[in-house]
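Accompanying notes for the structure given below.
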Amino acid sequence: MSFGFLSVLVPHIWPLFFLHYAARFVSNEGLRWDLGLHYNAEIAPSFAVATVLGFSVLLTKFPKKYRRKVLYIVSGIVLCGSILLHRFYFRGPLGLTYNKAFYEHSQDFTFLEDVVKKIPKNASVTAQNNIIVRFTHQEAYILRPLFKQKKTDYVIFDLRPGQNPYHVAMSDEAMKETFQIVDNDSDYALIYNQGDQYIFKRKK
């Protein structure tokens, strides 16, 4: 719908869509829970390409003298449709850019900056969703029960209630259990604790 259904005009790309959604919803493996499910990040480029090809197919249905006008009209419909869907139906994240409350609320989390500053720029990190985004320019991994497989230099916890630690398959209780595992692990030492925030460093 966000792409104006123009991909319908390109049937030779349909198998790509089918295979993608089959992998996401038939399989119970990682594809079901990662960026594919939450953000459509994997299929969106395919829809974008199919939309461009769909435009080409659509324009061939009209005489050349009308094609530019049709292009503008259909582009406008697709663009307006995407904006309306984002604003009123999906209520997407871009709406935060003009929501004053978002900026005021963001100031409540400045204490997390103290945690981030404790981690060297060249260190590898394992952390929860709400913290890991601060380390996108270095080696970083989402915190999972099998955290030791990555052997990162630091493991960070934010144990405030109601956090989204990994995805729907990991509850607050599971996160607390993982915390206990790290706390009892002889390979890691607690180097920082302020409130519900903890940093463990891997021993050399």
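In my numbering, each residue carries its 1-based index in the sequence shown increased by 1242.
Using N, Cα and C, we set each Cβ at its ideal position, and we do this for glycine too.
Straight-line gap, residue i to residue j (C-alpha atoms, nearest Å)
| i | j | result |
| --- | --- | --- |
| Val1357 | Ile1441 | 8 Å |
| Leu1432 | Tyr1340 | 40 Å |
| Ser1366 | Ile1398 | 11 Å |
| His1328 | Gly1334 | 5 Å |
| Ile1242 | Val1316 | For the chain, the structure presents residues 1243 to 1446; residue 1242 sits outside this window and is missing. |
| Gln1380 | Thr1368 | 11 Å |
| Arg1402 | Leu1388 | 21 Å |
| Lys1306 | Ala1286 | 30 Å |
| Lys1393 | Thr1420 | 15 Å |
| Ile1423 | Phe1351 | 27 Å |
Cβ pair residue i, residue j closer than 7 Å
| i | j | result |
| --- | --- | --- |
| Phe1245 | Thr1293 | yes |
| Ser1299 | Leu1258 | For the record, residue 1299 in the displayed sequence is Val; it is not Ser. Cβ distance not < 7 Å, so Val1299 and Leu1258 don't count as in contact. |
| Asp1414 | Ile1373 | no |
| Phe1344 | Leu1338 | yes |
| Lys1446 | Asp1429 | no |
Option nearest residue i by Cα separation, candidates the options
| i | options | result |
| --- | --- | --- |
| Ser1288 | Phe1247, Val1316 and Gln1391 | Phe1247 |
| Asp1425 | Arg1402, Lys1443 and Gly1437 | Lys1443 |
| Lys1360 | Leu1261, Lys1446, Ala1265 and Tyr1434 | Tyr1434 |
| Phe1297 | Tyr1314, Tyr1396, Glu1346 and Asn1282 | Tyr1314 |
| Gln1370 | Ile1319, Tyr1396 and Asp1427 | Tyr1396 |
Three-state secondary structure assigned by DSSP to residue i
| i | result |
| --- | --- |
| Leu1388 | coil |
| Ile1325 | helix |
| Leu1432 | strand |
| Thr1394 | coil |
| Val1294 | helix |
6 Å CB neighbourhood of residue i in its chain, flanking five on each side removed
| i | result |
| --- | --- |
| Ala1411 | Caution is warranted here: a pLDDT of 48 is assigned to Ala1411, below 50, making its placement in the model unreliable, and no coordinate value can be reported. |
Same chain, Cβ closer than 8 Å to residue i, neighbours up to 5 away in sequence not counted
| i | result |
| --- | --- |
| Gly1323 | Met1243, Ser1244 and Gly1246 |
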